[in-house]
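The sequence shown: position 101 = 272 (my numbering), numbered continuously. Cβ coordinates follow ideal geometry from the N, Cα and C atoms, glycine included. From a predicted model like this one, the values you see are computed outputs, not experimental measurements. Worksheet: one structure, shown below.
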Amino acid sequence: MNKFHMRQSINDLQNVQRFSGVFQISDDSTDFGRQFNIKGKRMTVAFHALVNYDGMEPVDIPGAFLSAIPGITNLPVTDIAKMLDMSKSSFYRAKEEDKLEMDTVDKISSLMKIYRKGLEAFEGDKNDFYDWLDTRIASLGDVKPAELLKTETGRLSVLNAIDRIEQNVYG
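In structure tokens form, the structure reads like this:
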């Protein structure tokens, strides 16, 4: 989805809210969003934009989306703030912003993609995926995947480990 279409989606959403129309995104990200209790049309559009973000075009994600991340990741705000290179107080201030900075959007997108892919690998079982994130994994240097989510390199390693699970290659 390019910049024009993403902005158009958000504009459509605002019109939907004004005129009480129906807005629906037909994509796997909608089902994934439901599994993590993403509620509200604006948050659904933001979530859809994040899991489909390719870094090519900027997207406008409202700061309010930060409120959904603890519920999606099952992690405390302190850990999420560290993953986003923010202090806890900066995290709370950013929640009030109309739109997040692109660096933050990029990190959140990367995190959301991991959670979507992880949920797919664990066949929709959030608890199994959360348990896996908190288990030391030999192929990750005997480190818990959750500990690697703080850096882009770590997030790529976690994605690769999830790919191995999907291919039934656990070592």
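Strand pairing of residue i, partner residues [DSSP]
i: I308; result: V314
Nearest-angstrom Cβ-Cβ length linking residue i and residue j, presumed shorter than 8 Å
i: K230; j: V276; result: Just to set this straight, residue 230 is Val in the shown sequence, not Lys. That pair is a contact at about 6 Å.
i: S310; j: R335; result: 7 Å
i: K315; j: L304; result: 7 Å
Proximal residues to residue i (C-beta, below 7 Å), its chain only, five neighbours per side dropped
i: E323; result: S281
i: L330; result: I285 and K288
i: L169; result: The structure shown does not extend to residue 169, since the chain is modelled only from 172 to 342, so the question has no answer here.
i: F236; result: M214 and A217
i: E268; result: G234
i: S238; result: K266
i: T306; result: K315
i: A332; result: I308, S310, L311 and P316
i: S328; result: L311 and L319
i: D198; result: Legend: pLDDT at D198 = 48, less than 50; position of this residue unreliable, value from coordinates given subsequently. Answer for D198: H219, listed in chain order.
i: D313; result: R307
i: V248; result: P241, K259 and F262
Cβ neighbours of residue i in the same chain (closer than 6 Å, five flanking residues each side left out)
i: L240; result: It should be pointed out that residue 240 corresponds to Ile in this sequence rather than to Leu. The answer, listed in chain order, is I251.
i: D299; result: F293
i: D274; result: none
i: M283; result: L221 and V222
Heavy atom of the ligand FMN within 8 Å of residue i beta-carbon
i: R287; result: Looking for the ligand FMN in the displayed structure turns up nothing, as the structure carries no ligands at all.
Sequence-distant residues of its chain with Cβ nearer than 8 Å to residue i (five each side left out)
i: S258; result: A252
i: S261; result: A252
I'd like to know if the region 246–263 and the region 312–322 are in contact, where contact means that at least 3 CB-CB pairs between them fall below 8 Å.
yes
Examine the Cβ distances between the region 223–238 and the region 293–300 and report whether three or more of them are shorter than 8 Å.
no
Residue ranges of each alpha helix (DSSP H) run of no fewer than 4 residues wholly in the region 261–312, ordered along the chain?
273–292 and 297–304
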